[in-house]
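Reviewing the structure listed below.
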Amino acid sequence: MKEIVTVKLENEMDLILAHKRAMKLCEMTGYSLIVQTSIATAISEIARCAIEYGREAVLALGIEAMGAKKFFKAVIRDKTDFSLRCTEACSFAKRLVDDIEIVRNSKEITITLQQQLSFSGTLSEAKIESFANYFKTEPPLSAYDEIRRKNLQLQELAEKLRQSEDDYRFLTDTLPLMMFSANNRGVISYSNKWLQDYFGFVPKELNQATWQVVVHPQDYPSFGKDLAYAVAKNTSFNGQYRFRQKSTGNYLWHIITVIPLKNDKEIVNRWIGFIVDISAQKQVDQTLKDNRELKEIQQQLFENQSELQQKVIELNRSNYELEQFAHLASHDLQEPLRKLFFYTDVLKKKYNANLDTSGHAMLNNMTLAASRMKELISDLLNYSQLQQQKLKFETVDLNQTMSEIVKDLDIIIREKKATVNIGNLPVLNGNPLRLRQLFTNLISNALKYSKHDTPPIIDVSASEEDENIVIKIKDNGIGFEEQYREKIFGLFERLHTRDQFPGTGIGLSICKRIVELHNGTIEADSVPNEYAIFSVTLPLSNTVDVLIEE
Amino acid sequence: MSNDIRILVVDDDKEDHLILEEYFSESGIHENVKFVENGLRAIEYLEGISEDAALPKLIVLDLNMPLLTGSQTLLQLKQNNRFKNIPVIIYSTSESDNEKRKCLSFGAIDYLVKPVTMEEGQRMVDKFKSFI
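Heads up: the protein sequence lines correspond to chains Y and E, in order. Using the working numbering, the first residue of the first sequence is number -19, and each one after it goes up by one. Using the working numbering, the first residue of the second sequence is number 166, and each one after it goes up by one.
Listed below in structure tokens is the structure:
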């Protein structure tokens, strides 16, 4: 059917409208006044029932071509089957038109009234189209008709708006960013799904309490300040802050933008905001930054390494020089000395008779000076060899070492009437020759720096202290002043004149070096004229077996 | 005269020649000692002797010498069929254990440190004497 005009059937006014339109269309199709009235009456009968008993009934008037014939048709559709309550009207209508047909299905009822057109041939398609146009542009039949039409237009617009809003809502809900709008008092009028999912709740109002829940505690102070400023000044607000994701409890970096919206009178009445996740970007930034720092560290490391390399080169050179010195000391310095000894010896033996007493004394002094030099060279050589040596370690029983030392020093011990008490000493991992040299030096020193009138008493003991083993050599000799505690281990350091105590000032330097080569430390402690204690501290890890009995 | 040479001393130190001569004359064998100043001269001298019987009975080698060092000279001697059986004693200022081990492994029969006192010198020369 070609639909020409429709009428919604809701009240009495619509009934009049339906009647008028039916009369008009019938008139236009060329029916006689009697037929016009019959058809319009029939339609009005059914329409009246629809208004009274039906729901959302609509009347459509149109023309349908069936083969060569054309028919006027009036179709009334309704969502409820009101026909059962208007059988009388239906049968009345049936007498006024050619045919009436009632079709029901689960959704609606359709009642079609039909009347054949008298002059079908003259009704072209264009003509029928012009009928439709007539009804579209016809002036309102009444004030009601006008209101009715406007109302319809508004309803259509509202429907379109609703659809459009649905579209936008769907769009904003699927966007991976948070959106909201709020009025001047902070009451939220809209928030999208992403925001609700992220925060885990639907905020009703944007206020301090709401923000404090979602903004990172560290970021909140500056966030609160900046937002308050923007609201007070009606300006937009923009910043990067961490917001709490409810589902994970993590605070992720976001950019928030809040913009004020002004009405016609330039007064801010609403605010809209977006919160965009930038944690990935932050992560990239951080990674880049880390990478840069790593590169800087690498560069620093590289510089340190080359510096170290330079130091190693310098050290190697210095080691080489030391080696050269050792060679010089061992050969070139000893060579003339040997001859000096030889000639003084020859002088003494062969030319003895030709020298007077003073000449003999000088010759003796010469020999003594040469001896000192020999001793000095030998000590220096010893020390320089220690500087470059990597010691071979083996198991050393210090008890045995000490008893050998006491045997070696037997003559001087007896001469000085000294007593040497040796406690239980550990078995160590060390270099036997160097450990023996170390303790020989220390015991010799204890014997050497004794008091004239008191026989030396030397106590050698060992004890465990923390992770170390401490071996102490204590004497009752002249000792030294506190201020020399460190100094005495320095190369060529001497606290006494040669007349008082002969020596090269290298002995304790050698001791220190040996202890260091055993990863240990050496310390001295004294009360002048009472005692001196030399403590050798070695790591327990060096110890093979600690033989200390309490 | 060459028949009388029983000890060949190779040392670049002229003073040591004098000192050794002193000891040798004390022992009365200075006529049987030939001094040369380096290893090259020593080889030349030995090659100049045509009869094996006339070769020295002992060679005393200093280590630290120019041109051919003591240990190099020692190696050359030990590789020469005519000279390899002549006993060689090293005498040096160096007390290095490494040097000593090396020389003994090359075939020296002894390694002596140069003497300091007259007694030590005399003892050394007495040792040399035992070879001639």
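The beta carbon of each residue, even a glycine, is placed where N, CA and C say it ideally should be. Note that this is a predicted model, so its numbers are computed, not measured.
Is residue i near the ligand HEM, with its Cβ less than 7 angstroms from a heavy atom?
{"i": "S110(Y)", "result": "In the structure on display, the ligand HEM does not appear, and there are no ligands present to speak of."}
Is it right to say residue i is buried, meaning 16 or more other beta carbons lie within 10 angstroms of its own, or is it exposed?
{"i": "M283(E)", "result": "buried"}
{"i": "E445(Y)", "result": "exposed"}
{"i": "Q192(Y)", "result": "exposed"}
{"i": "D(-6)(Y)", "result": "buried"}
{"i": "P201(Y)", "result": "exposed"}
{"i": "I277(Y)", "result": "exposed"}
{"i": "T238(E)", "result": "buried"}
{"i": "D336(Y)", "result": "exposed"}
{"i": "I297(E)", "result": "exposed"}
{"i": "D455(Y)", "result": "buried"}
{"i": "Y221(Y)", "result": "buried"}
{"i": "R472(Y)", "result": "Looking at the sequence shown, residue 472(Y) is not Arg but Phe. Exposed."}
{"i": "R297(Y)", "result": "exposed"}
{"i": "L132(Y)", "result": "exposed"}
{"i": "I236(Y)", "result": "buried"}
{"i": "K49(Y)", "result": "exposed"}
{"i": "M46(Y)", "result": "exposed"}
{"i": "Q95(Y)", "result": "buried"}
{"i": "Q463(Y)", "result": "exposed"}
{"i": "H432(Y)", "result": "exposed"}
On the DSSP bridge list, what partners appear for residue i?
{"i": "A37(Y)", "result": "L(-11)(Y)"}
{"i": "V292(Y)", "result": "BP columns for V292(Y) are empty, so no partner."}
{"i": "H234(Y)", "result": "Y221(Y) and D257(Y)"}
{"i": "E503(Y)", "result": "S515(Y)"}
{"i": "I402(Y)", "result": "V440(Y)"}
{"i": "Y170(Y)", "result": "S161(Y)"}
{"i": "N448(Y)", "result": "E445(Y) and P519(Y)"}
{"i": "Y188(E)", "result": "Answer is none; Y188(E) lacks a bridge partner."}
{"i": "S144(Y)", "result": "Beta-bridge pairing links S144(Y) to no other residue."}
{"i": "Y256(E)", "result": "L277(E)"}
{"i": "F200(E)", "result": "V174(E)"}
{"i": "D153(Y)", "result": "Answer is none; D153(Y) lacks a bridge partner."}
{"i": "L497(Y)", "result": "Per DSSP, none; premise fails for L497(Y)."}
{"i": "D455(Y)", "result": "A512(Y)"}
{"i": "V225(E)", "result": "V174(E) and I254(E)"}
{"i": "V195(Y)", "result": "F223(Y)"}
What did DSSP end up calling residue i once you bin it into helix, strand or coil?
{"i": "S364(Y)", "result": "helix"}
{"i": "V182(Y)", "result": "coil"}
{"i": "I392(Y)", "result": "helix"}
{"i": "R266(E)", "result": "helix"}
{"i": "E384(Y)", "result": "helix"}
{"i": "I276(E)", "result": "First, the residue type needs correcting, since residue 276(E) is Tyr and not Ile in the sequence shown. In the structure shown, Y276(E) sits in a strand (DSSP, three-state: E or B)."}
{"i": "R465(Y)", "result": "coil"}
{"i": "L173(E)", "result": "strand"}
{"i": "L371(Y)", "result": "coil"}
{"i": "R250(Y)", "result": "strand"}
{"i": "K330(Y)", "result": "helix"}
{"i": "F481(Y)", "result": "coil"}
{"i": "V281(E)", "result": "coil"}
{"i": "K249(E)", "result": "coil"}
{"i": "L241(Y)", "result": "strand"}
{"i": "F296(E)", "result": "coil"}
{"i": "D336(Y)", "result": "coil"}
{"i": "S167(E)", "result": "Caution applies to S167(E), whose pLDDT of 43 falls short of 50 and renders its modelled position unreliable; the model cannot decide the point."}
{"i": "E530(Y)", "result": "For E530(Y), the predicted model reports a pLDDT of 35, less than 50, meaning its position is unreliable; a value from the coordinates is still stated below. Of the three classes helix, strand and coil, the one that applies to E530(Y) here is coil, per DSSP."}
{"i": "E216(E)", "result": "coil"}
{"i": "K(-18)(Y)", "result": "strand"}
{"i": "L183(E)", "result": "helix"}
{"i": "K354(Y)", "result": "helix"}
{"i": "Y429(Y)", "result": "coil"}
{"i": "L488(Y)", "result": "helix"}
{"i": "I208(E)", "result": "helix"}
Where the region 176 to 192 of chain E meets chain Y: residues whose CB sits under 9 angstroms from a CB there: When CB distances to chain Y are screened at a threshold of 9 angstroms, the residues of the region 176 to 192 of chain E falling below it are D178, E180, D181, I184 and E187, in chain order.
Interface positions of the region 459 to 481 of chain Y facing chain E (Cβ-Cβ less than 7 angstroms), listed along the chain: Shown here is that no member of the region 459 to 481 of chain Y has a Cβ falling below 7 angstroms from a Cβ of chain E.
Within the region -1 to 55 of chain Y, ranges of the alpha helix (DSSP H) (whole runs, at least 4 residues): Within the region -1 to 55 of chain Y, the complete alpha helix (DSSP H) runs of at least 4 residues are 13 to 33.
Residues in the region 311 to 322 of chain Y having any Cβ partner in chain E nearer than 7 angstroms: Cβ contacts with chain E: H311, Q314, E315, R318, K319, F321 and F322.
Residues in the region 237 to 249 of chain E having any Cβ partner in chain Y nearer than 9 angstroms: Those would be none; no residue qualifies.
Runs of alpha helix (DSSP H) lying entirely within the region 48 to 134 of chain Y, each at least 4 residues, in chain order: Listed in chain order, they are 67 to 76 and 105 to 117.
Residues, ordered as in the chain, of the region 324 to 350 of chain Y that lie near chain E by beta-carbon distance below 7 angstroms: Going along the region 324 to 350 of chain Y in chain order, one finds D325, V326 and K329 with a Cβ nearer than 7 angstroms to chain E.
Members of the region 273 to 284 of chain E that neighbour chain Y once the beta carbon cut-off is set at 7 angstroms: Close to chain Y, meaning a Cβ-Cβ distance shorter than 7 angstroms, are the following residues of the region 273 to 284 of chain E: K279, V281, T282 and M283.
Positions along the region 255 to 273 of chain E whose CB lies within less than 8 angstroms of some CB in chain Y: Answer set for the region 255 to 273 of chain E: T258, S259, E260 and S261.
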